[in-house]
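By the count of the numbering used here, the sequence shown reaches residue 278 at its end, each step adding exactly one.
Where a beta carbon is used, it is the ideal one built from N, C-alpha and C, also for glycine.
Here the structure is laid out as structure tokens; the discussion comes afterwards.
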Amino acid sequence: MRLALEAPALRTLTIAGRDERFPVNRVFCVGRNYAAHAREMGKDPDREPPFFFMKPAAAVVDAAQPASVTYPPKTKNYHHEIELVVAIGRGGRDIPVALALAHVYGYAVGLDMTRRDLQLEARDQGRPWEFGKSFAWSAPIGALHRAQDIGHPLAAAITLTVNGQARQQSDIAKLIWSVSACVAVLSAYEALEPGDLIMTGTPEGVGAVMAGDLMRGEVQGLGAIEVRVTG
Ligand code: MN
Numbered sequence: 048m049r050l051a052l053e054a055p056a057l058r059t060l061t062i063a064g065r066d067e068r069f070p071v072n073r074v075f076c077v078g079r080n081y082a083a084h085a086r087e088m089g090k091d092p093d094r095e096p097p098f099f100f101m102k103p104a105a106a107v108v109d110a111a112q113p114a115s116v117t118y119p120p121k122t123k124n125y126h127h128e129i130e131l132v133v134a135i136g137r138g139g140r141d142i143p144v145a146l147a148l149a150h151v152y153g154y155a156v157g158l159d160m161t162r163r164d165l166q167l168e169a170r171d172q173g174r175p176w177e178f179g180k181s182f183a184w185s186a187p188i189g190a191l192h193r194a195q196d197i198g199h200p201l202a203a204a205i206t207l208t209v210n211g212q213a214r215q216q217s218d219i220a221k222l223i224w225s226v227s228a229c230v231a232v233l234s235a236y237e238a239l240e241p242g243d244l245i246m247t248g249t250p251e252g253v254g255a256v257m258a259g260d261l262m263r264g265e266v267q268g269l270g271a272i273e274v275r276v277t278g
């Protein structure tokens, strides 16, 4: 096949302890999946089923090694959101909760970087979230840990520091919608495909970063990522 233009580069993630890499297909993100974060965003966590938005695969940054992201344009409120990331290894549609984990390839630590001012403006005007959520370098993600190596974490501390100061601190056991539930609900709307990622939502404590800041995010058992914001 001859292409009229050079094809865009495939985005891939490091897999811990392996030479092969994980090809990224689509990036789904869960909104408001920790009660305390839903409250800090002015929403009632008890009334809403999970909802999803997306980022392009091109937004993914391999943060298996210390990485950097460029401060994005058109924002004065660029926020960190530390999240557990789920990598889908086997596709499927209408996946039952009880079988959902068999579709999971592995887990990683990730950041759902957000232009909060643009996101809230869109939210309040009933517009799409893309400009707030889906932009270049908005998804730094650490090394994937295979489920066959580490199992399926149900409880683990999830933390984020900025320049060494604690910002976000919770436990993935507090996810309102578990990994299994997210896979099941999402696959009812859209057939999941190998290479899809699901960012499972952030706990409370989101806040702004500036050029020069160093974010360090960790999920117990999945290691830590270090991401510097550059001007
Ligand atoms: Mn998020």
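- A distance filter of 5 Å between CB atoms and the heavy atoms of the ligand MN selects the following residues in sequence order: E128, D159, T249.
- Counting only runs that start and end inside the segment 52-100, the beta strand (DSSP E) elements of at least 3 residues fall at 59-61, 68-70, 74-78.
- Each residue's CA atom was taken as its position, placing K102 and V74 some 5 Å apart.
- Here the alpha carbons of C229 and V133 stand approximately 10 Å from one another.
- It is roughly 30 Å from the alpha-carbon of D243 to the alpha-carbon of A213.
- Put simply, the backbone Cα of H126 is about 6 Å away from that of R163.
- Between G264 and T206, the CB-CB gap stays under 9 Å.
- Of the candidates Q166, A110, G259, A110 places its Cα closest to the Cα of T59.
- Boundaries cannot be given for D141, as no beta strand (DSSP E) includes it and DSSP labels it neither H nor E.
- The beta-carbon separation of I272 and G189, rounded to 4 Å, stays under the 8 Å limit for a contact.
- Per DSSP, reduced to three states, the secondary structure at Q212 is strand.
- Here the C-alpha atom of K121 lies approximately 27 Å from the C-alpha atom of L131.
- Y236 is classed as exposed because its beta carbon has fewer than 16 other beta carbons within 10 Å across all chains shown.
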